[in-house]
Amino acid sequence: MYSLYLDSANLELNVGLVKDNQLIDFISYLANKKQSELMVVEINNLLKRNNIDIKSLKEIVVTIGPGSYTGIRIALTIAKTLAFSLSIPLYSISTLLSQKIKGVKIISLINARSNRSYLAIYDEDNKTIIKDTIWTNEEVKDWINKNPDYVLSGDTSYLNLEG
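Heads up: the sequence shown begins at 190 in this note's numbering, then just goes up one per residue.
As structure tokens, then:
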């Protein structure tokens, strides 16, 4: 069973192809606000280079934020259109949830602007420690300093962390 993963909630364009719950291919790069122009092209590229007919897709998974409202709408519109035209299910997940890694303690972060961060925290068993929320950047830095065994996921450059 093939699943298509779409995410344009932030600066990156992310398109993934999953077979039987295993990621088999992934495209990810900074799209510079061109997600609407590039997402369909990259979906086609991904399917073509894996010799997968679009009709082989059995479901679509799309991120629904937090993130750019316009970026979320782009991916969601494309996902809904494909799901409807292929008569397959469409699932939505948190952008923060999409950044977690099995077997690793993760703090998933997205810049919320105005000196704030969207975040979620997961343990190594993928259990949610703190569900999607928003903290000040100072609160995030304090938490990171007190919990150095957690891996940071997402763009953290805006936090200006040392080390």
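Even glycine gets a Cβ: it sits at the ideal position worked out from N, Cα and C.
When only Cα atoms are considered, residue 253 and residue 343 end up about 16 Å apart.
Its chain contains 305, 306, 308 and 332 as the residues whose beta carbon lies nearer than 8 Å to that of residue 324, once the 5 sequence neighbours on both sides are disregarded; these appear in chain order. The three-state reading of DSSP puts residue 346 in helix, counting H, G and I together. Secondary structure at residue 201: strand, using DSSP grouped into helix, strand and coil. Annotation: residue 250 to residue 272 spans about 10 Å, alpha carbon to alpha carbon. Secondary structure note for residue 192: its beta strand (DSSP E) is the uninterrupted segment 191 to 196.
Using a Cβ distance threshold of 9 Å, residue 299 and residue 285 count as a contacting pair. When the alpha-carbon of residue 259 is set against those of 202, 297, 294 and 244, the nearest one is in 202. Taking C-alpha positions only, residue 192 is separated from residue 329 by approximately 34 Å. In this structure, residue 263 sits near residue 197, with a CB-CB distance shorter than 9 Å. Relative to the Cα of residue 190, the nearest Cα in the group 268, 213 and 228 belongs to 213. Secondary-structure assignment with DSSP links residue 279 through a beta bridge to 249.
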